[in-house]
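Here the sequence shown is numbered in my numbering, starting from 1369 and rising by one per residue.
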Amino acid sequence: MNKLELKSFLDEKVALYNRPNFIESDPIQIPHRYTLKEDIEIAGFLSATIAWGNRKMIIQNSNKMMDLLGNSPFDFIQNHEKHHLEKLEKFVHRTFNGHDFIYFIKSLQNIYSNHGGMEAIFNKYQEPDSLQNAISEFKKIFFELDHSVRTEKHVSDPSKNSSSKRINMWLRWNCRQDTNGVDLGIWKNISPSKLSCPLDVHSGNVARKLGLLTRTQNDGKALAELDANLRILDPEDPVKYDFALFGLGVFEKF
């Protein structure tokens, strides 16, 4: 396929998958339960953090997280007392455990109380064409409290050549102004043109078959290559093609 044919093919797949029924089988359904901006971004952040493995289990455990926070995550983060955290200790999703969960709550309280919230951090550190440095700065702030070193692995860092799949997915949810109602678009001051595609096994394999990616590893360098090619296809909304790459890989076994 030439570039025009490729764009037409992928645009058709975006139209197929970027529609409300996508929400039913995706972790994005968790933040969709809320109307308060802070609840949406917190529910999304926590759900995206554990978004690896079986999708049904991801959704099940994300719902469990929300239940443990009284289904009011922002209120819990801002107003919890020390004894309220005890019920989080038994939470487990793969390698993310209750101690990690408790630190996340403490860190988010610090971020909302002392840094103006998560959106403010990304607004401050966004660059003209990328949010990857902002992710690195966010991680520094996120772990500025006393913490176990093992918890750091649950927030990725592009400066360490990570593709930061889960956090880029969460940023897509927050920043992409989606006319079809899938992505939430609650952050209005970050252009979708700066977003990076959530790169995983499925999207990476499809991208290679379509000639959008040559690097064999799904790392930060591969993300930069994929981003550059997707920006050629649509410089204003490059990550809409995540729906096409993901749908082709997961649903069509392309």
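Quick reminder that beta carbons are idealized off the backbone N, C-alpha and C, glycines included. These figures come from a predicted structure and were not determined experimentally.
Three-state secondary structure (DSSP) of F1464 = strand
Tell me which same chain residues have a C-beta within less than 7 angstroms of the C-beta of N1429, skipping the five on either side of it?
-> I1418 and H1461
Find the nearest neighbour of G1617 within the set V1382, N1370 and M1369, judged by alpha-carbon distance.
-> V1382
Please classify S1504: does DSSP put it in a helix, a strand, or coil?
-> helix
By how many angstroms is the C-alpha of Q1446 removed from the C-alpha of L1657?
-> The shown model of the chain, from 1369 to 1622, leaves out residue 1657, and the question about it has no answer.
Contact check, D1587 vs S1527, beta carbons under 8 angstroms = no
Three-state secondary structure (DSSP) of S1498 | S1498 falls in the strand class under three-state DSSP.
Can you give me the Cβ contacts of N1548 inside the same chain, cut-off strictly under 6 angstroms, excluding the 5 residues immediately before and after it?
-> Excluding positions up to five away in sequence, the list reads N1386 and R1387.
Taking 8 angstroms as the cut-off, decide whether the C-beta atoms of L1499 and P1399 are in contact.
-> no
Straight-line gap, F1442 to D1407 (C-alpha atoms, nearest Å) = The alpha-carbon of F1442 is positioned some 5 angstroms away from that of D1407.
Apart from the five residues on each side of it in sequence, which residues of its chain come closer than 6 angstroms, Cβ to Cβ, to V1523?
-> K1507 and F1510
Alpha-carbon spacing of T1582 relative to L1594, whole angstroms = 9 angstroms
Could you work out which residue in C1543, D1497, L1567 and R1534 is closest to K1405 when comparing CA atoms only?
-> C1543
With DSSP collapsed to three states, give me the class of R1534.
-> Here R1534 sits in helix by DSSP.
Delimiting residues of the alpha helix (DSSP H) encompassing K1589 | G1588 to L1601
Exposure label - T1403; buried when at least 16 CB within 10 Å | exposed
At which residue ranges does the stretch 1390-1428 contain complete alpha helix (DSSP H) runs of 4 or more residues, listed in the order of the chain?
-> 1405-1417
In the structure shown, what three-state DSSP assignment does I1554 receive?
-> coil
Can you tell me whether I1600 is buried or exposed, with buried defined as 16 or more other CB within 10 angstroms of its CB?
-> exposed
Expected contact under 8 angstroms - CB spacing of W1538 and F1413 to nearest Å | 6 angstroms
So, are the CB atoms of V1607 and R1540 less than 8 angstroms apart?
-> yes
With 16 other Cβ atoms within 10 Å as the buried cut-off, status of E1409 | buried
Residues near N1597 in its chain [Cβ-Cβ closer than 6 angstroms; skip 5 each side] | L1580
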